[in-house]
Amino acid sequence: MRSAAISEPRWLRLALIVLMLGFLALNLLLPLAVVFAEGLRKGIAAYLGAIREADALAALRLTLTVAAIAVPLNIIIGLAAAWAIAKFDFRFKSLLITLIDLPFSVSPVVSGLIYVLVFGLQGWLGPWLQAHDAQVIFAVPGLVLATIFVTFPFVARELIPLMEEQGRDEEEAALSLGASGLATFWHVTLPNIRWGLLYGVLLCNARAMGEFGAVSVVSGHIRGKTNTLPLHIEILYNEYNFAAAFAVASLLAGLALVTLVLKSLLEWRFAGQLAGRGH
Amino acid sequence: MRRIALAACLMIASLAAPAMAARVELLNVSYDPTRELYKAVNTGFAAEWKKKTGDDVVINQSHGGSGKQARSVIDGLEADVVTLALAYDIDAIADKAKLLPAAWQARLPNNSTPYYSTIVFLVRKGNPKGIHDWGDLVKPGVKVITPNPKTSGGARWNFLAAWGYGQKALGTPAAAQDFVKKLYANVPVLDSGARGSTVTFAERGIGDVLIAWENEAQLADQELGAGKFEIVVPSVSVLAEPPVAVIDKVVDKHGTRKVAEAYLSYLYTPAAQEIIAKNGYRPRDPAVAKRYAARFPTIQLFQIDRNFGGWTKTQARFFADGGIFDQIYTGGAPGL
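Residue numbers (the numbering used here), protein chains in the order written: chain X, 161 to 439; chain D, 45 to 380.
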């Protein structure tokens with residue numbers, strides 16, 4: 161218990177809490193409620209019909225496929241990048257950090273366009289791909305590439321400060337005691353960073369499933385083929401299928417909620433370990 | 045191990061299966077308002093193709109602003125056929141990517157346009173701002189919704205219809221330019237495609253008048269609650285001819301030339317013309333046109349070739365970088 165002298169006055173604390181809760185209710189909960197309410201406006205049968213429709217299922221499958229490829233790849237790349245930055249010294253370290261942050265500062269539309277410029281028929285690699293009958297943009301590989309680009313920083317950005325803070329002592333101790341590099345990673349580094357890693361993965365996954373701008377540019381919008389869930393929602397909305405659009409939107413929101421619940425469950429289950437680790 | 049091998053065999057078999065069952069797929073890359081039209085056309089064509097050849101044909105659809113869609117095909121979106129809002133966008137595919145011959149438009153009847161349309165106004169019920177003709181759109185306080193001519197084909201027809209009126213009513217190109225400048229100063233939102241503009245006007249409730257394809261106006265009127273809007277037919281408008289074409293390089297690569305050509309020819313049959321008219325597009329077939337005459341009032345229509353000197357010239361003069369649209373558009377109406 162802090163003494164009254166160094167604590168904020170009661171009214172200020174109350175005001176801040178009310179302000180925050182009001183803001184969240186207005187900006188997060190209300191729109192979320194609207195999504196579900198609008199989706200159910202025409203009844204539960206219409207709601208289920210919109211979700212079970214072939215194009216919606218194809219979009220769901222595509223979204224999960226893209227996330228299933230992009231997220232593991234970003235875990236590997238993110239781990240490698242964070243490891244290199246936190247545990248080694250080299251000349252272009254700050255340059256590498258800047259590059260990792262690049263996708264955060266570049267507009268998603270631009271991230272999509274760069275792939276069109278590289279892999280498009282008029283782009284650098286387009287004619288070669290065409291000659292070898294390979295399709296990158298307007299197909300699944302392009303969607304995966306664009307998604308990897310926009311979600312790339314999430315894992316690395318979570319891990320870098322954590323690993324830097326922890327320093328190299330424990331790894332150096334393990335190595336000097338004769339542990340192999342892999343064993344050191346598995347038994348020393350990974351347990352230390354697993355919460356940060358998990359959090360990064362969840363953020364990365366949420367963005368991978370929800371990304372609109374970059375995938376919109378490279379998608380080609382072929383329904384049932386290259387439309388992810390967010391793109392499918394836009395199409396339904398533009399076709400005056402408002403109830404269906406919101407039904408599918410609630411599905412996407414549901415996926416995000418599952419991710420959140422999963423995170424909370426893990427935190428709750430391992431609360432003891434978390435407290436012990438101090439983060 | 046054996047199970048994995050079996051699974052692999054099954055996977056290969058399932059990949060190879062479509063070829064044996066003679067299931068063909070086509071990709072039709074189209075412009076914005078044709079979603080409902082081609083949904084109906086595709087069903088009709090699939091039934092006919094099945095009857096004729098015994099093969100199943102699945103037609104995949106992609107929709108967006110016409111210029112944007114053409115750009116995607118140029119960048120490698122493998123469209124077997126394109127059905128776009130105006131000839132210039134298909135010219136661009138022939139010119140920039142050389143995916144079809146430059147003389148593509150002579151390959152099918154009516155300049156490769158199996159249906160045509162025009163530009164009309166959609167206003168709110170009771171026409172509270174009293175909008176009856178193009179001249180009413182430049183009045184102060186009237187908010188006009190139309191998409192961006194840089195990305196939307198429909199928007200270019202809208203612009204040309206307005207220009208044609210300006211030139212006819214006021215006499216000179218300079219006066220016409222002043223007229224469209226005033227008109228676009230009344231536009232609070234420029235969406236990238238025709239459908240976006242319709243949603244802005246009809247669903248989001250922004251603006252007093254939507255300049256739209258006749259088919260789009262009819263669809264919005266039906267879909268979004270009959271009685272909420274009224275269609276206003278101006279004194280003059282433009283003959284909008286949305287053309288269709290087979291993309292030669294793509295169909296030869298996919299081996300789909302025969303079915304792609306049959307698909308486009310189907311659009312000219314009485315059965316398809318009926319679907320076309322039902323969806324609010326003006327049919328070419330005289331018998332069908334007669335049956336639906338009440339739906340399509342006679343308007344004096346400007347023609348792109350006769351009144352504007354063709355699409356290449358029109359595009360360069362009005363819509364290219366630094367063209368007349370860039371000169372007159374300075375950001376639109378303040379606020380919503």
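Ideal Cβ positions, reconstructed from N, Cα and C, are used throughout, including at glycine. As the structure is a computational prediction, the values presented were derived from the model and not from experiment.
Beta-carbon proximity check, residue i vs residue j, cutoff 8 Å
| i | j | result |
| --- | --- | --- |
| residue 219 (chain X) | residue 210 (chain X) | no |
| residue 266 (chain X) | residue 297 (chain X) | no |
| residue 164 (chain D) | residue 281 (chain D) | yes |
| residue 419 (chain X) | residue 368 (chain X) | no |
| residue 81 (chain D) | residue 124 (chain D) | no |
| residue 341 (chain D) | residue 134 (chain D) | no |
| residue 312 (chain D) | residue 158 (chain D) | yes |
| residue 276 (chain D) | residue 167 (chain D) | yes |
| residue 383 (chain X) | residue 351 (chain D) | no |
| residue 373 (chain X) | residue 272 (chain X) | yes |
| residue 224 (chain D) | residue 199 (chain D) | no |
| residue 144 (chain D) | residue 137 (chain D) | yes |
| residue 110 (chain D) | residue 196 (chain D) | yes |
Residue i CB to nearest heavy atom of the ligand ADP below 7 Å
| i | result |
| --- | --- |
| residue 202 (chain X) | Within the structure as shown, the ligand ADP is missing, as the structure has no ligands at all. |
C-beta neighbour in chain D for residue i, strict 8 Å
| i | result |
| --- | --- |
| residue 383 (chain X) | yes |
| residue 297 (chain X) | yes |
| residue 399 (chain X) | yes |
| residue 380 (chain X) | yes |
| residue 329 (chain X) | no |
| residue 307 (chain X) | no |
Residue-level contact to chain X via CB, residue i, 8 Å cutoff
| i | result |
| --- | --- |
| residue 259 (chain D) | no |
| residue 243 (chain D) | yes |
| residue 71 (chain D) | yes |
| residue 128 (chain D) | no |
| residue 248 (chain D) | no |
| residue 365 (chain D) | no |
| residue 267 (chain D) | yes |
| residue 63 (chain D) | With a pLDDT of 45 at residue 63 (chain D), under the threshold of 50, the modelled position of this residue cannot be trusted; read the value that follows with caution. Chain X contact via Cβ: absent. |
| residue 67 (chain D) | no |
| residue 301 (chain D) | no |
| residue 168 (chain D) | no |
| residue 174 (chain D) | no |
| residue 362 (chain D) | no |
| residue 289 (chain D) | no |
| residue 383 (chain D) | With chain D covering only 45 through 380, there is no way to say anything about residue 383 (chain D). |
| residue 240 (chain D) | yes |
| residue 141 (chain D) | yes |
| residue 59 (chain D) | Residue placement at residue 59 (chain D) is flagged as unreliable, the pLDDT there being 47, under the threshold of 50; the coordinate-derived value follows with that caveat. Answer no: the Cβ-Cβ gap between residue 59 (chain D) and chain X never drops below 8 Å. |
Extent of the continuous alpha helix (DSSP H) run through residue i
| i | result |
| --- | --- |
| residue 107 (chain D) | Residue 107 (chain D) -> not in any alpha helix (DSSP H); beta strand (DSSP E) instead, spanning 100-107. |
| residue 394 (chain X) | 389-398 |
| residue 273 (chain X) | 268-279 |
| residue 318 (chain X) | 300-326 |
| residue 255 (chain D) | Per DSSP, residue 255 (chain D) belongs to no alpha helix (DSSP H); it is in the beta strand (DSSP E), 253-257. |
| residue 265 (chain X) | 253-265 |
| residue 282 (chain D) | Where residue 282 (chain D) is concerned, there is no enclosing alpha helix (DSSP H), although the beta strand (DSSP E) it sits in stretches over 280-282. |
| residue 209 (chain X) | 204-212 |
| residue 352 (chain X) | 350-370 |
| residue 96 (chain D) | 79-97 |
| residue 371 (chain D) | 368-372 |
| residue 217 (chain D) | 217-229 |
| residue 191 (chain X) | 190-199 |
Residue-level contact to chain B via CB, residue i, 8 Å cutoff
| i | result |
| --- | --- |
| residue 373 (chain X) | Of the protein chains in the structure, X and D, none is chain B. |
First through last residue of the beta strand (DSSP E) which encompasses residue i
| i | result |
| --- | --- |
| residue 289 (chain D) | 288-290 |
| residue 440 (chain D) | Since the first and last residues shown for chain D are 45 and 380, residue 440 (chain D) lies out of range. |
| residue 313 (chain D) | Run containing residue 313 (chain D): none; DSSP gives neither H nor E here. |
| residue 67 (chain D) | 67-74 |
| residue 418 (chain X) | Segment 402-429 is the alpha helix (DSSP H) holding residue 418 (chain X); no beta strand (DSSP E) there. |
| residue 273 (chain D) | 273-276 |
Beta-bridge pairing of residue i - partner residues as DSSP gives them
| i | result |
| --- | --- |
| residue 327 (chain D) | D:159 |
| residue 361 (chain D) | Note: residue 361 (chain D) sits in no beta bridge, so no partner. |
| residue 125 (chain D) | D:72 and D:290 |
| residue 165 (chain D) | D:255 and D:276 |
| residue 188 (chain D) | D:253 |
| residue 382 (chain X) | D:106 |
Legend entry - Contacting positions in the stretch 258-287 of chain X - beta carbon closer than 8 Å to chain D: From the stretch 258-287 of chain X, only 276, 279, 280, 281, 282, 283 and 286 have a Cβ closer than 8 Å to chain D.
Inset, instruction - Can you give me, in chain order, the residues of the stretch 105-124 of chain D that have a beta carbon less than 8 Å from any beta carbon in chain X? - result: Of all residues in the stretch 105-124 of chain D, the ones placed with a Cβ closer than 8 Å to any Cβ belonging to chain X are 105, 106, 107, 108, 116, 118, 119, 120, 121 and 122, in chain order.
Legend entry - Against chain X: residues of the stretch 72-91 of chain D by CB proximity under 9 Å: Legend: CB atoms of the stretch 72-91 of chain D lying less than 9 Å from CB atoms of chain X belong to residues 73, 76, 79 and 80.
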